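Peer 1:
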Amino acid sequence: MLAADPVLVDVVPAASVMPHLADRMILHAGPPIGWERMCGPMRGAVTGIAVFEGWARDLAEAEGLAGEGAFVFEPNHHHDAVGPMTGMTTKSQWVMVVENRKFGNRAYCTVNEGLGKVMRFGGNDDEVLDRLRWLRDVLGPALGRALRECGGVPLKNLVARGLTMGDEMHQRNVACSGLFLRALAPVLARTSGAREELARALAFIASNDQFFLNIAMALGKAIMDPVRDIEGSSVVTAMCRNGTDFGIRVSGCGDEWFTAPVEQPRGLYFPGYTEADANPDMGDSTIVETIGLGGFAMAASPAVAGFVGAGSAADAAIFTREMGEITLASNPEWTIPSLDYQGVPTGIDIRLVADSGITPTINTGIAHRKPGVGQVGAGVVNAPLACFTQAVRAFADRMGVR
Amino acid sequence: MMAVIVNLVRKGFYLDSVGLMRMSREIAGMDGVEDAALMMATPANREIMRHAGVLAAEGDMAAASDLVLAVRARDEAVAHQVLREAEALLDRPRRSNAEAAQWRPRSLRAAQAARPSLNLALISVPGEYAVAEARKALGRGLDVMIFSDNVPIGDEVELKTEARAMGRLVMGPDCGTAIIGGAPLCFANRVPRGSIGIVGASGTGTQEVSCLIARHGGGISHAIGTGGRDLKEAVGGITTLMAMDMLDRDPGTETIVLVSKPPAASVVQTVRRRVAESGKRFVICFLGSDGIDLPTNAVAASTLRDAALLALGRTVSAPRQPGHGGGSAGRIVGLFAGGTLCAEAQIILQRAGLAVASNVPVPGASATGGPGHLLLDLGDDEYTRGRPHPMIDPSVRDEPLAAALRDPANAVVLIDVVLGHGGHADPAGAVADVLKRHRGPGPVVVASVTGTDEDPQGLAGQIARLEAVGVEVQPSNADAAEAACAHLDQTHGR
Numbered sequence: 010m011l012a013a014d015p016v017l018v019d020v021v022p023a024a025s026v027m028p029h030l031a032d033r034m035i036l037h038a039g040p041p042i043g044w045e046r047m048c049g050p051m052r053g054a055v056t057g058i059a060v061f062e063g064w065a066r067d068l069a070e071a072e073g074l075a076g077e078g079a080f081v082f083e084p085n086h087h088h089d090a091v092g093p094m095t096g097m098t099t100k101s102q103w104v105m106v107v108e109n110r111k112f113g114n115r116a117y118c119t120v121n122e123g124l125g126k127v128m129r130f131g132g133n134d135d136e137v138l139d140r141l142r143w144l145r146d147v148l149g150p151a152l153g154r155a156l157r158e159c160g161g162v163p164l165k166n167l168v169a170r171g172l173t174m175g176d177e178m179h180q181r182n183v184a185c186s187g188l189f190l191r192a193l194a195p196v197l198a199r200t201s202g203a204r205e206e207l208a209r210a211l212a213f214i215a216s217n218d219q220f221f222l223n224i225a226m227a228l229g230k231a232i233m234d235p236v237r238d239i240e241g242s243s244v245v246t247a248m249c250r251n252g253t254d255f256g257i258r259v260s261g262c263g264d265e266w267f268t269a270p271v272e273q274p275r276g277l278y279f280p281g282y283t284e285a286d287a288n289p290d291m292g293d294s295t296i297v298e299t300i301g302l303g304g305f306a307m308a309a310s311p312a313v314a315g316f317v318g319a320g321s322a323a324d325a326a327i328f329t330r331e332m333g334e335i336t337l338a339s340n341p342e343w344t345i346p347s348l349d350y351q352g353v354p355t356g357i358d359i360r361l362v363a364d365s366g367i368t369p370t371i372n373t374g375i376a377h378r379k380p381g382v383g384q385v386g387a388g389v390v391n392a393p394l395a396c397f398t399q400a401v402r403a404f405a406d407r408m409g410v411r
Numbered sequence: 005m006m007a008v009i010v011n012l013v014r015k016g017f018y019l020d021s022v023g024l025m026r027m028s029r030e031i032a033g034m035d036g037v038e039d040a041a042l043m044m045a046t047p048a049n050r051e052i053m054r055h056a057g058v059l060a061a062e063g064d065m066a067a068a069s070d071l072v073l074a075v076r077a078r079d080e081a082v083a084h085q086v087l088r089e090a091e092a093l094l095d096r097p098r099r100s101n102a103e104a105a106q107w108r109p110r111s112l113r114a115a116q117a118a119r120p121s122l123n124l125a126l127i128s129v130p131g132e133y134a135v136a137e138a139r140k141a142l143g144r145g146l147d148v149m150i151f152s153d154n155v156p157i158g159d160e161v162e163l164k165t166e167a168r169a170m171g172r173l174v175m176g177p178d179c180g181t182a183i184i185g186g187a188p189l190c191f192a193n194r195v196p197r198g199s200i201g202i203v204g205a206s207g208t209g210t211q212e213v214s215c216l217i218a219r220h221g222g223g224i225s226h227a228i229g230t231g232g233r234d235l236k237e238a239v240g241g242i243t244t245l246m247a248m249d250m251l252d253r254d255p256g257t258e259t260i261v262l263v264s265k266p267p268a269a270s271v272v273q274t275v276r277r278r279v280a281e282s283g284k285r286f287v288i289c290f291l292g293s294d295g296i297d298l299p300t301n302a303v304a305a306s307t308l309r310d311a312a313l314l315a316l317g318r319t320v321s322a323p324r325q326p327g328h329g330g331g332s333a334g335r336i337v338g339l340f341a342g343g344t345l346c347a348e349a350q351i352i353l354q355r356a357g358l359a360v361a362s363n364v365p366v367p368g369a370s371a372t373g374g375p376g377h378l379l380l381d382l383g384d385d386e387y388t389r390g391r392p393h394p395m396i397d398p399s400v401r402d403e404p405l406a407a408a409l410r411d412p413a414n415a416v417v418l419i420d421v422v423l424g425h426g427g428h429a430d431p432a433g434a435v436a437d438v439l440k441r442h443r444g445p446g447p448v449v450v451a452s453v454t455g456t457d458e459d460p461q462g463l464a465g466q467i468a469r470l471e472a473v474g475v476e477v478q479p480s481n482a483d484a485a486e487a488a489c490a491h492l493d494q495t496h497g498r
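Chains as they are written, first to last, in this note's numbering: chain A, 10 to 411; chain B, 5 to 498.
1) Short of 7 Å in beta carbon distance, which residues of its chain neighbour A/Thr173, apart from the five on each side in sequence? Order them along the chain.
2) Between A/Thr373 and the rest of its own chain, which residues show a CB-CB distance below 6 Å, the 5 nearest in sequence each way excluded?
3) Leaving out five residues on either side along the sequence, give the residues of the same chain with a beta carbon under 6 Å from the beta carbon of B/Gly331.
4) How far does the alpha helix (DSSP H) with A/Met233 in it extend, from its first residue to its last?
5) Please return the same chain residues whose Cβ sits closer than 8 Å to the Cβ of B/Pro392, not counting the five positions on each side in sequence.
6) Kindly list the residues whose CB is nearer than 7 Å to the CB of A/Val60, restricted to its own chain and excluding five residues on each side of it in sequence; keep chain order.
7) For my contact list, B/Arg276 and B/Leu308 are in at a C-beta cut-off of 8 Å; report their separation, rounded to the angstrom.
8) Any C-beta of chain B within less than 8 Å: which residues of the segment 325 to 359 of chain A qualify?
9) Would you identify the three-state DSSP class for A/Tyr282, choosing helix, strand or coil?
10) Quick check on this structure: which residue in A/Leu144, A/Asn288, A/Asp254 and A/Ser321 has the alpha carbon closest to the alpha carbon of A/Val120?
11) With 16 other CB atoms within 10 Å as the buried threshold, where does B/Thr300 fall?
12) Tell me, which residues are paired with A/Tyr117 by DSSP?
13) Determine which residues share a DSSP beta bridge with B/Thr1 and list them.
14) Taking B/Thr283 as the reference, which of B/Ala311, B/Asp254 and B/Gly292 has the closest Cα?
15) Given A/Gly161, which residues of its chain have a CB within under 8 Å of its CB, disregarding the five upstream and five downstream residues?
16) Suppose the cutoff is 8 Å on Cβ atoms and the five residues either side in sequence are ignored; what does the same chain contact list for A/Gly383 look like?
17) Opposite B/Cys190 in the DSSP bridges: which residues?
18) Report the CB separation of B/Asp70 from B/Lys140 in whole angstroms; it is logged as a contact under 8 Å.
19) Can you find a C-beta in chain B that's less than 8 Å from the C-beta of A/Ser242?
20) Suppose only complete runs of 4+ residues qualify. What are the alpha helix (DSSP H) ranges in the segment 85 to 162 of chain B, listed by chain order?
21) At which residues does the alpha helix (DSSP H) containing A/Trp143 begin and terminate?
22) Alpha carbons only, please: which of A/Leu30, A/Gly171 and A/Gly229 is nearest the one belonging to A/Ile296?
23) Could you spell out where the alpha helix (DSSP H) holding B/Leu216 opens and where it closes?
24) In whole angstroms, what is the alpha-carbon distance linking A/Pro354 and A/Trp343?
25) Could you check whether the segment 19 to 37 of chain A touches the segment 99 to 106 of chain A, counting it as contact only if at least three pairs of C-beta atoms, one from each stretch, sit closer than 8 Å?
26) Where do the N-terminal and C-terminal ends of the beta strand (DSSP E) with B/Pro445 fall, by residue?
27) Any chance the segment 352 to 369 of chain B sits against the segment 470 to 490 of chain B, with 3 or more Cβ pairs inside 8 Å?
28) List the residues of chain A whose Cβ lies closer than 7 Å to the Cβ of B/Glu51, in chain order.
29) Which residue spans inside the segment 219 to 279 of chain B form an unbroken beta strand (DSSP E) run of at least 3?
30) Kindly say whether B/Asp39, judged by its beta-carbon, lies nearer than 8 Å to any beta-carbon of chain A.
31) With 8 Å set as the bound, which would you pick, yes or no: does the beta-carbon of A/Ile367 sit closer than that to a beta-carbon of chain B?
32) Determine the DSSP secondary structure at A/Ile35, reduced to helix, strand or coil.
33) Does the contact criterion of 3 or more C-beta pairs under 8 Å hold for the segment 84 to 96 of chain B versus the segment 105 to 115 of chain B?
34) According to DSSP, A/Arg258 sits in a beta bridge with which residue or residues?
35) Quick one, are the C-beta atoms of B/Gly368 and B/Gly342 less than 8 Å apart?
36) Classify B/Ala81 as buried or exposed, calling it buried when 16 or more other Cβ atoms lie within 10 Å of its own Cβ.
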């Protein structure tokens, strides 16, 4: 994990890099789930993406097709990919490519759609679909050209700087989004064909404090994939949720998912919304906690700690120190100034979780429980302990321990 | 009546969105407010406010770098009042509560990472988990004290054998008292440091000996607990022997006191051999087993009080001869919080020629219901099942004490009051309250207080509370038991 060297190298159509991503296949966030158990926002996103792909004329037809089993659902994680919230990935969407240059593997994530009404929160109206079309037809190709031109943007150092600027890379990506834009803007200007197109691209990235989240997620996936399938390793390689189940994978347990019902986030709501509107926790974005960011790096981002507590720097530090109890190391390159440059806690060990009863803290956005509404708040949620205790039992079986 | 929407714009005022969301929630909860928002006026945020029905024209015209205070309220007056309060919230000085929040490690691993010099783990979890936790601690290079009870003896043997192979000490299970390097652990008293080491299989025995040593001007190097079963045949005194080795090696320890109930015969021999190998002076107090043949560097003490005095190099008076005739009408009832104190009292009564019954009888005494004077250990399982130990919650003794005071058959009521860390804040007060409620004539109440003036409860104050309600307070548990016998003698005009 610590040796990884993730670089954002390209943006390409999903089908061109995911050989098993077939027509009428929809990749979703979290562990495997079928249409019948999907939550509201996930269903909303499925119908929207089916219209976007041209598999249905409208949302109603898409819903009917989904109910008839016309679509194949698979987790992003089965395709070297991750996706935020509902996490929709289909063949003609464009995905960012993060290459782990130390190990040669690649991971993928779609481009962040911005704030407001978006598909990752279950939005599916014309505004949402039009934006997806623009990402596919304009921004995706433009970003790809720029990244190829400059040979990619190295991410490890960028994240390190973001941490010192108050980002924890899950709820807060302000600094990293800015740093990324600063790195890419000159190349984008050089490779862009039209001035208006360039202006819109720059404005789109600049207006979205969470633009970097999807990059951080692909980076997380690229860092964790080489850690998979190490015999005898009890390190968590993925945490994710589909709005119904929370799932984890463990290095020494192959591709097995350990799942439990997902929990409800505790947090703050936008005006007009309350807990009653909130959907249970959702998304592959917990990959950032898996690599020691997000809730694990709370001390870097006291503002984010305010979602659950008093929000003082001291409160934020407690979250990070507590995550130190369930991780194997601290990252010497990703450090937190307010903790005297202590590194972020890295490498969740299922044994330490089961032993201490301390579960990973996750910073998260909160989606409306009805499809199509979008984000209604943000907060903190814990991974369910049951995932880890199941994993410890399975791990013990594999190791021949009783 | 129609609700009103009022917006206030602060030009070029930035505040973090989380802070704003918390303030929004605060003002949205105010009286007469339907909804409210404090947001930077970015296009996305204006959209949210429009959807929430709190955006007015002023807010809609604000720039992304402006802060909008938006409220929808019952009437204009409320709206403006709320916005004034929101502004006050915005402008109030920030308090730092850096001191308020303090991280406390929840696992041994994290505690050790935070303080690498830590070398002892104190384990107090339900018995079924205690051994697993102890193994973890041992594996992390820590010596272990196990307060938990209900650990099967087979597990104790395994654990102690493993620990011995690693060169580490396991105090317990069911180890209630230790003082290591001056630090009192679990139920222990604040005693000065000094040259006397204690190896104790019993909690209150170690407390009584260490306090008496302190009150006579001596001090304790270390008091090492072993757990109540360490000197049983099965365990073979593993911890006792290791503790003896440690104190033998410790340059600060000159005299070593062993305190226990009578050990298994085979273990006595092992301990005796170990004593003989040592160059240090030993005081052996195996309560209830007089007449052990000891090497020349050891003396036997028949009571906890004598153990303390002998450890200090004082002489002790020979046991009083049985002086009391049978057939007395009055009875002694002892109600003890300390199990070893109860045992010591039984021994003293027997030595005075009295028949004794107890729920935890020493050799020679009969079980409860048998003839003679009744001495009860209220810390025994039958009294503590589902409730705290009387040292933690002295009210366990209230009802039996009140009953003993009322019973005309009782001539003397004998009690102990145990102070120290881990114990109740005012155990003497609990006794005093019961006595104050008692009306009419009653038996003499004789007590001793195990503790020091440095203890959280304070020895002098606790004695004063007892004396204020007419309790006769003796300087030690043994003295109290002897005084109880003497009261019987007087009662019967011998």
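Each residue gets a CB set at the ideal place from its N, CA and C atoms; glycine is no exception. All values derive from a computational prediction rather than experimental measurement.
Peer 2: Working from what's here:
1) Pro346
2) Pro274, Asp290 and Val390
3) Low confidence applies here, because B/Gly331 scores a pLDDT of 47, under 50, leaving its location unreliable and the question unanswered by this model.
4) Phe220 to Met233
5) Val400
6) Asp67, Leu68, Ala71 and Leu138
7) With a Cβ gap of about 21 Å, B/Arg276 and B/Leu308 do not count as contacting.
8) Ala326, Ile327, Arg330, Glu331, Gly333 and Glu334
9) coil
10) A/Leu144
11) exposed
12) A/Ala90 and A/Val106
13) Given that chain B is displayed from residue 5 to residue 498, the structure contains no residue 1 of chain B and the question cannot be resolved.
14) Sequence inspection shows Gly at residue 283 of chain B; the Thr mentioned does not correspond to that position. Answer by Cα proximity: B/Asp254.
15) Val16, Leu17, Val18, Asp19 and Glu108
16) Gly125, Lys126, Val127, Phe130, Gly131, Gly132, Ala376 and His377
17) B/Thr181
18) At roughly 57 Å, the Cβ-Cβ gap does not stay under 8 Å, so B/Asp70 and B/Lys140 are not in contact.
19) no
20) 112 to 118 and 131 to 143
21) Asp135 to Trp143
22) A/Gly229
23) Gly207 to Arg219
24) 9 Å
25) yes
26) Neither: B/Pro445 is in no beta strand (DSSP E) and is coded neither H nor E.
27) yes
28) Gly125
29) 224 to 229 and 259 to 264
30) yes
31) yes
32) strand
33) no
34) A/Ala247
35) no
36) exposed
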